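Student: Under this note's numbering, the sequence shown is numbered contiguously, ending at residue 495.
Cβ coordinates follow ideal geometry from the N, Cα and C atoms, glycine included.
Please read these numbers as outputs of a predicted model, since none were measured by experiment.
The structure is given below, and queries will be raised subsequently.
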Amino acid sequence: MRSRTTRLLLAATTFTVCVESISVTPYSRAAEPFAAPLSLRPCHIDGLAEEILCGAHNVFEDRHSGSGRRLAIQVAVLPALKRNPQPDPLFLMAGGPGQGARGMAPIAARYFRQVRRDRHIVLVDLRGTGASHPLRCSKDEEIAAINDVDAAGMARRCAQQLDADPRFYTHRESLADLDEIRARLGYTRVNLWGGSWGTRAALLYAVRYPAHTRSVILDGAVALTMGFPRTASADAQAALGRAIADCSADRDCHAAFPAPEADLDRFVARFTAGDVSITFRHPRTSVPTAVTLSRGVAMDIIRGALYVPKDAATVMHLVRQAADGDFAPLMAQFVRTASVSTDDMALATTMAVLCSEDLPTVAHADFARDAAGSTFGTTYADAWRSRCDAWPLGQRVDEAPDAVSQAPALILSGGHDPVTPPRAGESMARHFPRHRHVVVANAAHNASFAGCVPRLIAEFLAVGHGDALDDQCTAAITWPPFVVSASGTQP
């Protein structure tokens, strides 16, 4: 669910190799009729040493009119390691919205190797993401972007710069593209893994294409009833509270930060008189840099750090340093979070989806009431409302909030997740009568890559349901040591 914008900080088929033409053509006895199979060729993906397979599926930007601009939807396949794989592959749905799935190839190769023993893994850059005509806004240097508070102006300028009609980059179009790709690859049914906002895409696909969905894995669930961004502030506050409680229960962290709530109060008090002007050495260039930091942005930096356990373990240190007047560690965390968020994200696609499908459902929400009692305030939600007020809207989601899929589902939630906590997993479970919800206590946003969870995913896929899945191994997953000083985890 991370956004490209720094103000927000925050996813029986075999392949026959024809040596003469180095093309790889999918084959399936149960393939559906289509104009032509999708031709795949050997390729390389950044960050992955092995050669995999790639191809492209051409679609109209405006699918309804069937004319105008055409888009090449990029596809990558990690072939199964067995000669005769299972007929139903695993499709990965990246998050954001706005992240390209092909960028997840190195992660999939590493963590889903057990899945690959029996199944191909398919990664599709949905329209507007990755290399499929990505919708990107002009990117400012991270630190400089902090001072740009005109969210509506940014959205308006971005829309005007696009070589695209952003109204046609919602799930209505992208999932229709995806199902055509499934057919051209010769698959009758597929399994879906969705991470973060990719869970919404997986949910919608399962509801819209039930005959083609075998099972779904949903990590960091975004149900149709989420009401984004209403819960953002309260959920971040709950995650911060858990971090503080865990620090107090940890000997070294408690010794270093005996009064974390007081440190947080002093941190917030730094902004009592308004925005704070600070000068610090840029964490990448070491050049002295001046910036005006608001309380809302400062708290959003903390919120962004809470997404990842390793970063969340630094939060007490960041708060203490800033409370004492040293904002350099906080700004270094800002650059780190922003760069991780922007590597494979397209902000305009993020806005195309969220502004068309989610913000209209909370048009009359009182964000201040939703954020009551939260240190994080309404900065995040207000920025989204401002952007979306200025954005050209596409189609809303047609499915009812209580839409149901009969596909078996494995729902994963991180106990420390600041944006899609276990409560969100329970909401997603209402869409899937046959589900297994696994809460990984010591995970944050996205638990699929922690400890034994990749094995649980492989076991779920092997049988096609989680009825007898033994998830006790997740209790052995630990939280990383807290950073207690500039030296790291050591005093």
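1. Over the uninterrupted beta strand (DSSP E) stretch that includes residue 285, give me the two end residues.
2. Taking 8 Å as the cut-off, is the beta-carbon of residue 278 closer than that to any non-hydrogen atom of the ligand PLP?
3. Measuring alpha carbon to alpha carbon, tell me which of 383, 352 and 393 ends up nearest residue 368.
4. Within 10 angstroms of the Cβ of residue 141, are there 16 or more other Cβ atoms? Answer buried if so, exposed if not.
5. Let me know the secondary structure DSSP gives residue 188 once reduced to three states.
6. Please name the residue, chosen from 425, 192 and 217, that lies closest to residue 310 on a Cα-to-Cα basis.
7. For residue 62, is the classification buried or exposed, using 16 other Cβ atoms within 10 angstroms of its Cβ as the cut-off for buried?
8. So, using beta-carbon positions, are residue 416 and residue 450 closer together than 9 Å?
9. Nearest to residue 51 by alpha carbon, out of 396, 408 and 348?
10. So, residue 205 versus residue 432, is the Cβ gap smaller than 9 Å?
11. Within the continuous alpha helix (DSSP H) that includes residue 386, where are the two ends?
12. With DSSP collapsed to three states, give me the class of residue 26.
13. Where does residue 278 land, buried or exposed, given buried means 16+ other C-beta within 10 angstroms?
14. Under 8 Å by Cβ, that's how I've got residue 434 and residue 471 pegged, so tell me the actual separation to the nearest angstrom.
15. Just to confirm my understanding: we take residue 27, look at its own chain, exclude 5 residues before and 5 after, and list those with CB closer than 6 Å. What are they?
16. Leaving out the 5 sequence neighbours to the left and right, which residues in its chain are closer than 8 Å to residue 74 when beta-carbon positions are compared?
17. Please list the terminal residues of the continuous beta strand (DSSP E) segment that includes residue 294.
18. Look at residue 236 and residue 377 and say whether their C-beta atoms are less than 9 Å apart.
19. In three-state DSSP terms, what is residue 356?
20. Which runs of the alpha helix (DSSP H) fall wholly inside the segment 174-248 and span at least 4 residues, in chain order?
21. DSSP three-state call for residue 310: helix, strand or coil?
22. Can you tell me the Cβ-Cβ gap for residue 420 and residue 490, rounded? I've got them flagged as a contact below 8 Å.
23. What residue from 260, 299, 287 and 262 has the CA that sits closest to residue 273's CA?
24. For residue 500, count neighbouring Cβ atoms within 10 angstroms of its own Cβ and tell me buried if that reaches 16, exposed if not.
25. Looking at residue 125: is its Cβ nearer than 9 Å to the Cβ of residue 172?
26. So, residue 169 versus residue 396, is the Cβ gap smaller than 9 Å?
27. Suppose the cutoff is 6 Å on Cβ atoms and the five residues either side in sequence are ignored; what does the same chain contact list for residue 248 look like?
28. Could you check how far apart the C-beta atoms of residue 115 and residue 453 are, in whole angstroms? I think they sit under 8 Å.
29. What is the DSSP secondary structure of residue 65, reduced to helix, strand or coil?
30. What residues are listed by DSSP as bridge partners for residue 103?
31. Using a Cβ-Cβ cutoff of less than 6 Å, which residues in the same chain neighbour residue 343 once the five nearest sequence positions on both sides are dropped?
32. Can you tell me whether residue 304 is buried or exposed, with buried defined as 16 or more other CB within 10 angstroms of its CB?
33. I think residue 267 touches residue 327, with their Cβ atoms under 8 Å apart; what is that distance to the nearest whole Å?
34. Just verifying my parser: in three-state terms, what is the DSSP assignment at residue 378?
35. Here's a check: name, in chain order, each residue in its chain whose Cβ is nearer than 6 Å to the Cβ of residue 34, leaving out the five neighbours to either side.
36. For residue 456, report the span of its alpha helix (DSSP H) as first-last.
Tutor: Taking the definition as stated:
1. 280-285
2. The ligand PLP is not part of the structure shown, which contains no ligands of any sort.
3. 393
4. buried
5. helix
6. 425
7. exposed
8. yes
9. 348
10. no
11. 383-393
12. Residue placement at residue 26 is poorly supported in this model, since its pLDDT is 29, which falls under 50; the coordinates are not used for a value here.
13. exposed
14. Actually they do not touch by this definition, with Cβ atoms about 18 Å apart.
15. Interpretation of residue 27 is limited by its pLDDT of 32, a score under 50 that renders its predicted location unreliable; the figure taken from the coordinates is listed afterwards. Within the same chain, residue 27 has close Cβ partners 43 and 45.
16. 62, 63, 64 and 65
17. 292-297
18. no
19. helix
20. 175-188 and 202-212
21. coil
22. About 24 Å separates the two Cβ atoms, so there is no contact after all.
23. 299
24. Residue 500 is absent from the structure shown; the chain starts at 5 and stops at 495.
25. no
26. yes
27. 264
28. 5 Å
29. strand
30. 349
31. none
32. buried
33. 5 Å
34. coil
35. In this prediction, residue 34 scores a pLDDT of 39, lower than 50, which makes its location untrustworthy; the coordinate-derived value is nonetheless stated afterwards. Excluding positions up to five away in sequence, the list reads 192.
36. Unbroken run through residue 456: none, as it is neither H nor E.
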